[in-house]
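**Student:**
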Amino acid sequence: LFFAIVFLIPCAIAKNIQTLLVCRAIDGIAFSAPMTVVGGTLADIWRAEERGMAMATFSAAPFLGPVIGPVVGGFLSDAKGWKWLYWLQLILAGVVWIAITFTYPARILAQKAAGLRKDTGDQPYTSIIDVRTESFASYLGAYLIRPFRLLFTELIVSLVSLYMSVLYGVLYMFFVSFPVIFQEGKGYTAGITGLMFLPVAIGCGIGLLFAPLINQDYLTQRAKYRGMPPAEIRLRSMMIGCWSLPIGLFITAWTSYPHLSWVGLALGGLPMGFGFVLLYNSANNYIVDSYQHLAASALAAKTLVRSLYGAGTVLFTVQMYHKLGSQWAGSLVAFISLGCCGIPFLFYNYGAAIRKHSKYAYSGEDEEQGDISDVAEK
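For the record, in the sequence shown the residue sitting at position 347 is 366 according to the numbering used here, with numbers rising by one throughout.
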């Protein structure tokens, strides 16, 4: 995070595109750290029955941030210029870095242990940082190689990552397609175009409000399985939310004609935002429950794929919208998301069997966990 903050400065004062490309690449690498470790950290802090709201908040953040950004950024760039977008990011990231750095429990304990050793002369005072014995090779295998191994050998990780990539691709596609629809088609300014992201943000907020109900449903199912529910229980909300994304995309696509009101496009953003949060929250919880002690690596694999896919979509979105038209370009993405709706149903019915034959996934046999078919739906 520190390196990411440092390289925001040359972005803000850049005089040429080469500087921006290099510094943004470094920022992309550096900012990937919190995106990959937070999910695993939440799994370490809270037990399965406790982390519902925490994981839901984390799942909403990657969507709320990007959709609120254009709302603020559109007016900020119109008023102060594009460089102020980087100064604002620098301020926000700097505040977060200070808060994390000086409240990090392991750092505080290490400082406390060092102080006790100095005051008492008693060397046994240590913290977890002081007693780590892992070699660099073991760190490399655990945190760099393992996510790729899970991505390419685990069907659950592969397909869930693919689905989340589609979600992120849709989100990042909007950053490029909305200017085509609203600025080129309707003549709106960048600031007004940014306001069109508000319905997506509201939809994300509605999805977040459903988190307590989803968590309560999980606790109810958990009680039926005597505290040991199969991981596939987490997919119940995904099987509901998966339909929201194609519905919203079809609405957005076929109300994008220049002569039509912006209201239809705005209404399409509501179910999409709702689906973003429900799908991402369910996917995170399902991966954590399926891989337990390897959850951080599995989540890192998912984050890598969806981030690369999201970044890649902006490279061809404008051409796609110009060639196909806003209606059919949007419909193409809607059909892709509709096809992905089969993924949660596949794992809900066959996920337990897949985990049973997996080398890395947590299987019900590990704790005599019941199969999902053992409990009748009520």
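Glycine included, each C-beta is placed from N, C-alpha and C at the ideal position.
Straight-line CA distance for Phe216 to Trp262?
**Tutor:** Distance between the alpha carbons of Phe216 and Trp262: 20 Å.
**Student:** I'd like the span of the alpha helix (DSSP H) that includes Phe194, first residue to last.
**Tutor:** That run of the alpha helix (DSSP H) goes 174-197.
**Student:** Roughly how many whole angstroms lie between the Cα atoms of Phe50 and Ala209?
**Tutor:** Taking the straight line joining both Cα atoms gives about 26 Å.
**Student:** I'd like the list of long-range same chain contacts for Val86, defined as Cβ closer than 6 Å, with 5 residues on each side in sequence excluded.
**Tutor:** Correct list, in chain order: Phe216, Val219, Ala220.
**Student:** Cutting at 6 Å between CB atoms, please list the residues of its own chain near Gly113, excluding the five before and the five after it.
**Tutor:** So the list reads Ile24, once near-sequence residues are dropped.
**Student:** Spatial neighbours of Gln388 within its chain, please: C-beta separation below 7 Å, excluding the five flanking residues on both sides.
**Tutor:** Confidence at Gln388 is low in this model, with a pLDDT of 46, below 50, so its placement is unreliable and no value can be given for it.
**Student:** For Gln108, is the classification buried or exposed, using 16 other Cβ atoms within 10 angstroms of its Cβ as the cut-off for buried?
**Tutor:** Counting Cβ neighbours within 10 Å, Gln108 comes out buried, since at least 16 surround it.
**Student:** Can you say whether Leu27 is buried or exposed, counting buried as having 16 or more other CB atoms within 10 angstroms of its CB?
**Tutor:** It counts as buried.
**Student:** Using a 10 Å radius around the Cβ and a threshold of 16 neighbouring Cβ atoms, would you call Glu68 buried or exposed?
**Tutor:** Label assigned to Glu68: exposed.
**Student:** At the level of alpha carbons, what is the spacing between Leu163 and Val189?
**Tutor:** C-alpha separation (whole angstroms): 27 Å.
**Student:** Just reading off the alpha helix (DSSP H) that Ala250 is part of, what are its end residues?
**Tutor:** Taken as a continuous stretch (DSSP letters only), Ala250 belongs to no alpha helix (DSSP H), as it is neither H nor E.
**Student:** Measure the Cβ-Cβ separation of Ser345 and Ile200 and say whether it is below 8 Å.
**Tutor:** Yes, Cβ-Cβ distance for Ser345 and Ile200 is below 8 Å.
**Student:** Please report the residue range of the alpha helix (DSSP H) in which Gln346 lies.
**Tutor:** 336-358 is the span of the alpha helix (DSSP H), which, as asked, contains Gln346.
**Student:** Given that a residue counts as buried once 16 or more other Cβ atoms are within 10 Å of its Cβ, and exposed if not, what is Arg325?
**Tutor:** Buried, since its Cβ has 16 or more Cβ neighbours within 10 Å.
**Student:** Give the DSSP-derived three-state secondary structure of Gly206 in the structure shown.
**Tutor:** Of the three classes helix, strand and coil, the one that applies to Gly206 here is coil, per DSSP.
**Student:** Starting from the C-beta of Ala353, find all residues in its chain whose C-beta is less than 7 Å away, skip the five residues before and the five after it, and write them out in chain order.
**Tutor:** Within the same chain, Ala353 has close Cβ partners Pro265, Leu268, Phe269, Ala272.
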